[in-house]
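Undergrad: Mind having a look at this structure? Questions to follow.
Residue numbers (this note's numbering), protein chains in the order written: chain E, 66 to 343; chain W, 183 to 473.
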């Protein structure tokens, strides 16, 4: 840390943990952590997570590389249990196969079968958990509705391999929307997208959040594209998991400490908020 | 006679060429067995091959053939049936690849090194066993003309069982194949399905080795479904078209081999290769005109 300025040292001394005082406990939170830690292969990824996330907003998940953002989603999906403490989603211990949760993994487009048609891919979320070959008329309707909701109906019959990154991401979101989940978990959906496509995906998420009154957690390495629609942020700071509202998190000192580089929060004359790294 | 090419290279040229009694040869019982066995392998490969291609498991299929080689020659050395040795090594190899997981099995250098060693072991076992050269040739290049009626019954039962199992697990297997992370989160048993799939692949490879041999099985297990996938993306159509290409290659290959008195494996592989080449050319052309 030799390169750190004295200002940085001062920043470190401050306590950024936004604790939930008993009086401000949220009723009926979508996600709730109590002293939760998670470990992998004996190594603690993050610890001391105690927070409630209120329903019906877009929440960013931020933190430096390797701080456990993807692990956070895996815990919420029930893929990894917390090593210490409790985690609840919709008031219950997370379990794989929860139809109330939709999920878009990281590197979706690289990992997915490129020769497969978009609608076959989306339909796997409907039929892929069933044995046998039976199919009902409502299956196709559900797939079509999901593709339409993300504006991907035009390329439903195309193979994934011929689509652009933005189009592939729409298909991924359509797949996550099958079954009308109340919570969407998206891991780096904006990575590898140009600015226009980033904006379009963010607008889509904002529209889905509003029209369906759902909660959307988005892992991002840059909060800026989301800032206009953000309700709060889960942030992984110094090995600890926290949650803060957008007013608490979009803070120059906190973000500078989080990313280990000077970050300024700027408000434009039009009232737009953005962060800038010096 | 048709069997001649299997024995000594010197005799091959002497016997090659137009066989005027080919219609008569085609109606022999061993020929009927060859047609039935080859067709069953083409059908099994067409069904399984779709999943091999969408899972990008082509290298595993290739690897299993090579792992089977020491199994077959080792069984001969111990006085057992080469088919049994082949099946044990292919299924055992499938379980090992499955246990290593997707990432480990993709390590090309490690897999290639193990394959080379397996082939070396196969040669060692073969040279230790007496009367080995026919077995070695049959395992490496296949001998469709030596398939017995008993083997055909096993092939038929296995093909029916494969169809039933695949129909039952098709959707979760597809989900786990093209979208493993989401499938896992949705509660699909991704790893268990992967192992089941590899075991099925090991059994199909055991069958295919007897038709085209370990060195050429790619042309029957992978090439026809891969060719079909270039022409259509609809899963059912890929399976049907892939099976049709495989069937055509086997049947036309056997007829051509009989007419010219040359090894059927060569013609089966050639028809599969030609179809792939033509489709590749045609779809390339189409892509160019699209843009």
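Glycine residues also receive a C-beta, built at the ideal position from the N, C-alpha and C atoms.
Keep in mind the model is a prediction, meaning the values are calculated, not measured.
1) At a CB-CB cut-off below 8 Å, which residues of chain W make contact with residue 240 of chain E?
2) What does residue 137 of chain E touch in chain W if you count any residue whose Cβ is under 9 Å from its own?
3) Just to confirm my understanding: we take residue 223 of chain E, look at its own chain, exclude 5 residues before and 5 after, and list those with CB closer than 7 Å. What are they?
4) For residue 415 of chain W, which three-state DSSP category applies?
5) DSSP state of residue 16 of chain E, grouped into three classes?
6) Nearest-angstrom Cα distance between residue 434 of chain W and residue 441 of chain W?
7) Use the C-beta contact count for residue 276 of chain E: other C-beta atoms within 10 angstroms, 16 or more gives buried, fewer gives exposed.
8) Taking the alpha carbon of residue 267 of chain E as the reference point, which residue from E:246, E:244 and E:295 has its own alpha carbon closest?
9) Identify the continuous beta strand (DSSP E) that holds residue 368 of chain W and give its terminal residues.
10) DSSP has residue 116 of chain E in a bridge; who is on the other side?
11) With the cut-off set at 9 Å, would you say residue 278 of chain E and residue 121 of chain E are in Cβ contact?
12) Can you tell me which of the three DSSP states residue 305 of chain E falls into?
13) Helix, strand or coil for residue 310 of chain E? Go by DSSP, reduced to three states.
14) Could you check whether the Cβ of residue 522 of chain W sits closer than 9 Å to any Cβ belonging to chain E?
15) Do you know whose CA, among W:229, W:369 and W:408, lies nearest residue 238 of chain W's CA?
16) Under 9 Å between C-beta atoms, does residue 366 of chain E make it to chain W?
17) Of all the beta strand (DSSP E) runs that stay within the bounds of the segment 267–343 of chain E, which reach a length of 3 or more residues?
18) Rank W:421, W:221, W:320 and W:378 by C-alpha distance to the C-alpha of residue 475 of chain W and give the top, closest one.
19) Mark residue 196 of chain E as exposed unless 16 or more other C-beta atoms lie within 10 angstroms of its C-beta, in which case mark it buried.
20) Tell me whether the beta-carbon of residue 360 of chain W lies closer than 9 Å to the beta-carbon of residue 212 of chain W.
21) May I ask you to list the residues that DSSP assigns as paired with residue 165 of chain E?
22) Indicate whether at least one CB of chain E lies closer than 9 Å to the CB of residue 424 of chain W.
23) Measuring alpha carbon to alpha carbon, tell me which residue in W:222, W:262 and W:445 is nearest residue 389 of chain W.
24) Output yes or no for whether 9 Å exceeds the beta carbon distance between residue 326 of chain W and residue 220 of chain W.
25) Smallest Cα separation from residue 404 of chain W: which of W:465, W:241 and W:351?
TA: According to the structure shown:
1) 361 and 364
2) Within chain W, no residue comes near residue 137 of chain E; the closest Cβ sits about 14 Å away, beyond 9 Å.
3) 182 and 183
4) coil
5) Any answer about residue 16 of chain E is impossible in this case: the structure gives chain E only from 66 up to 343.
6) 11 Å
7) exposed
8) E:295
9) Run containing residue 368 of chain W: none; DSSP gives neither H nor E here.
10) E:98
11) yes
12) strand
13) strand
14) The first residue shown for chain W is 183 and the last is 473, placing residue 522 of chain W beyond what the model contains.
15) W:408
16) For residue 366 of chain E there is no data in the structure shown, the boundaries of chain E being 66 and 343.
17) 280–284, 295–302, 305–310, 328–332 and 338–342
18) There is no way to answer for residue 475 of chain W, as the model of chain W reaches only from 183 to 473.
19) exposed
20) no
21) Bridge partners of residue 165 of chain E: none, in fact.
22) no
23) W:222
24) yes
25) W:241
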